[in-house]
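Number of protein chains: 2
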Amino acid sequence: MQTVRKDIHNSDLPILCQNCEARHQGVCGALTSEQLLRLSKHTRRVRRDAGQELMADAMPIAAYANVLRGVIKLTKVLEDGRQQVVGLQFAPDLLGRPFAGESRVSAESASDVDLCMIPKSALENLIKQSAPLEHRIMLQALRELDEARDWMVTLGRKTAAEKVASFLYLIATHINPEEGEASTTFDLPLSRADIADFLGLTIETVSRQMSKLKAEKIIEIVNYRHVTVPDLAQLRLRCG
Amino acid sequence: MQTVRKDIHNSDLPILCQNCEARHQGVCGALTSEQLLRLSKHTRRVRRDAGQELMADAMPIAAYANVLRGVIKLTKVLEDGRQQVVGLQFAPDLLGRPFAGESRVSAESASDVDLCMIPKSALENLIKQSAPLEHRIMLQALRELDEARDWMVTLGRKTAAEKVASFLYLIATHINPEEGEASTTFDLPLSRADIADFLGLTIETVSRQMSKLKAEKIIEIVNYRHVTVPDLAQLRLRCG
DNA sequence: CGCCGGTTTGATACTAATCAAGTTAAGTGG
DNA sequence: CCACTTAACTTGATTAGTATCAAACCGGCG
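Protein chains in written order, with this note's numbering: chain A, 1 to 240; chain B, 1001 to 1240.
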């Protein structure tokens, strides 16, 4: 179950992304310790509740953020309000559109999240000095491109049942960034409405397909948001 | 109408991408003339007919290619054969997945194309030496990411009629790389089957929606492949 | 306790897929 | 040059899958 915490801003000293440094992941892994120290003067850790808007489509970008914990959803909307989730970002992704004055998507915290905020200018200066950093950012962009294309197959060619299975499989394999392993029990970071917007379906269809997977013992729905997958290979088979 | 030429390989001296150099676009624009000269020793121009496989999913990448003329389609397939076109590349895009041992998509010439082939190692060496080149490649990756996300909205949330209109609008605005303008009359670089795979529809539905647009005088279908759009703004309105 | 948002379940409608003929245009060989 | 073949496309009839509309359910909170 998703517990909603009180909003805590600026909750600690401006220490730099300990997580990513420790795990040598995220953008910080590409920097020298001297650069890390200098960067740490500009960064600050913030915590956000689920459902906060972090970046708006077509708005100027003020800052980048390293995702330390939780899930960010990236969305696009048509004029008449139809919405599509076009990406999910997990730790230790970097949030923010490099080298663009404004964002092409809106970003919202899907779960409670911890972020390491980096002012736009600070990161961009650092990129100019550090080719390995730019390289790392490019690798993330290429990975996101691969993921987007994978998801296009799901959106364009899979049935509702396969779409829901694919979503659950995606979450099982991404929600727990620590171990490279897939989790067999986890909280869904998205509401049924968000899942529907991710899959190009309605909430009712998502709900029905989840119920069907439950009836077929592929998943157990513990508590709306909390799901257990006894056999991940079985779920994988349902993905098409 | 699509004319199929005889296959002409290695049809000329290895001159480097005159097109992209002249227009200061594509990857070559980021290089010094000295670097261009050196690179030109490794590149060669080739022409391919429509329908040739240029790169296979999960196969090692032998070379990159600058698209000089024509359209490349990038596709992915599910085990059971369902296919999705996940991207189109127009001149002066760079074809090939940077920094990956193997491709995640297969690439096929959709129309007749001219390419400037660059061996993998030659380009990658050059990238190591040239930060501006790497930067330019990253910008292309980011643009492709934006395009993929735009298309996810089309796949997930638009009706068949809106999908077909969106496809025609995309072609009208991309097919003629010279002028920044959109073309009002053009050859479709894809067959109905490919359009269907791009839009997540069947051939029959694509055909019906094209006929409907014709009946409503939004487009004129001159010759299956050749289409005229009298009023692009009208077409834009049908895109959702 | 009763409200409220999020979710599930049910009945019906509608869009696009499937199955099946036809049509067109280009190529082939007598 | 013309009948024949073939591939790509269009059109029609029917069906299947998902959306829509509507109602009930559940869990948390005031």
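Cβ coordinates follow ideal geometry from the N, Cα and C atoms, glycine included.
Check whether chain A comes within 8 Å of residue i, counting only Cβ atoms and requiring the distance to be less than that.
i, result
"E1124 (chain B)", "no"
"H1024 (chain B)", "With a pLDDT of 46 at H1024 (chain B), under the threshold of 50, the predicted position of this residue should be treated as unreliable, and no value is reported."
"K1120 (chain B)", "no"
"P1098 (chain B)", "yes"
"H1226 (chain B)", "no"
"K1214 (chain B)", "no"
"G1070 (chain B)", "no"
"H1135 (chain B)", "yes"
"E1144 (chain B)", "yes"
"G1087 (chain B)", "yes"
"V1229 (chain B)", "no"
"M1117 (chain B)", "no"
"G1156 (chain B)", "yes"
"Q1084 (chain B)", "yes"
"M1138 (chain B)", "yes"
"L1188 (chain B)", "no"
"G1200 (chain B)", "yes"
"L1095 (chain B)", "no"
"L1235 (chain B)", "no"
Does the beta carbon of residue i sit closer than 8 Å to a beta carbon anywhere in chain B?
i, result
"Q35 (chain A)", "no"
"R104 (chain A)", "yes"
"S11 (chain A)", "Note that S11 (chain A) scores 32 on pLDDT, short of 50, meaning its location in the model is unreliable and no value can be drawn from it."
"G29 (chain A)", "no"
"V153 (chain A)", "yes"
"E21 (chain A)", "Low confidence applies here, because E21 (chain A) scores a pLDDT of 47, under 50, leaving its location unreliable; read the following figure in that light. False, the Cβ-Cβ gap to chain B never drops below 8 Å."
"I61 (chain A)", "no"
"K76 (chain A)", "yes"
Leaving aside the five residues before and after residue i along the sequence, list all residues of the same chain whose C-beta is less than 7 Å from its C-beta, in chain order.
i, result
"H193 (chain A)", "Correcting the residue identity first, residue 193 (chain A) is Ala in this sequence and not His. Only I203 meet the Cβ criterion."
"G1051 (chain B)", "E1108, S1109"
"R1069 (chain B)", "A1091, V1113, D1114"
"L133 (chain A)", "V27, A30, L31, L126, I127"
"M1210 (chain B)", "V1164, I1221"
"H1042 (chain B)", "I1118, P1119, A1122"
Residues in its own chain within less than 6 Å of residue i by CB, not counting five upstream and five downstream?
i, result
"A1056 (chain B)", "S1106"
"L201 (chain A)", "A160"
"S1191 (chain B)", "none"
"D187 (chain A)", "R225, H226"
"P1189 (chain B)", "V1071, A1110, S1111"
"A58 (chain A)", "E102"
"K1240 (chain B)", "Checking the sequence, you will find Gly at residue 1240 (chain B) rather than Lys. Hits under 6 Å: K1158, E1162."
"L213 (chain A)", "I219"
"S166 (chain A)", "T154, C239"
"T1185 (chain B)", "T1228"
Quick one, are the C-beta atoms of residue i and residue j less than 8 Å apart?
i, j, result
"I1175 (chain B)", "S1183 (chain B)", "yes"
"V206 (chain A)", "V153 (chain A)", "no"
"R82 (chain A)", "R1157 (chain B)", "yes"
"L94 (chain A)", "Q140 (chain A)", "yes"
"E1102 (chain B)", "I1137 (chain B)", "no"
"V1067 (chain B)", "Q1089 (chain B)", "yes"
"R104 (chain A)", "D1146 (chain B)", "yes"
"I1221 (chain B)", "V1229 (chain B)", "no"
"Y1169 (chain B)", "R1097 (chain B)", "no"
"L1155 (chain B)", "L37 (chain A)", "no"
"A131 (chain A)", "A1131 (chain B)", "yes"
For the beta strand (DSSP E) that contains residue i, what are its first and last residues?
i, result
"R69 (chain A)", "63–69"
"L1054 (chain B)", "1053–1055"
"P1098 (chain B)", "Run containing P1098 (chain B): none; DSSP gives neither H nor E here."
"L115 (chain A)", "113–119"
"G1087 (chain B)", "1083–1090"
"E108 (chain A)", "106–109"
"H226 (chain A)", "226–228"
I'd like the span of the alpha helix (DSSP H) that includes residue i, first residue to last.
i, result
"T185 (chain A)", "No alpha helix (DSSP H) holds T185 (chain A); the beta strand (DSSP E) holding it covers 185–187."
"L31 (chain A)", "Segment: none, L31 (chain A) is in no alpha helix (DSSP H) and carries neither H nor E."
"A233 (chain A)", "232–237"
"E1134 (chain B)", "1131–1157"
"D1197 (chain B)", "1192–1199"
"S166 (chain A)", "160–174"
"Q1209 (chain B)", "1203–1215"
Whose C-beta lies closer than 8 Å to the C-beta of residue i among residues of the same chain, with five residues either side of it excluded?
i, result
"A148 (chain A)", "V86, G87"
"Q234 (chain A)", "I218"
"A172 (chain A)", "A182, S183, T184, F186, V229, L232, L235"
Original post:
Would the segment 117–129 of chain A and the segment 77–85 of chain A be scored as touching if the rule is three or more Cβ pairs under 8 Å?
Top reply: no
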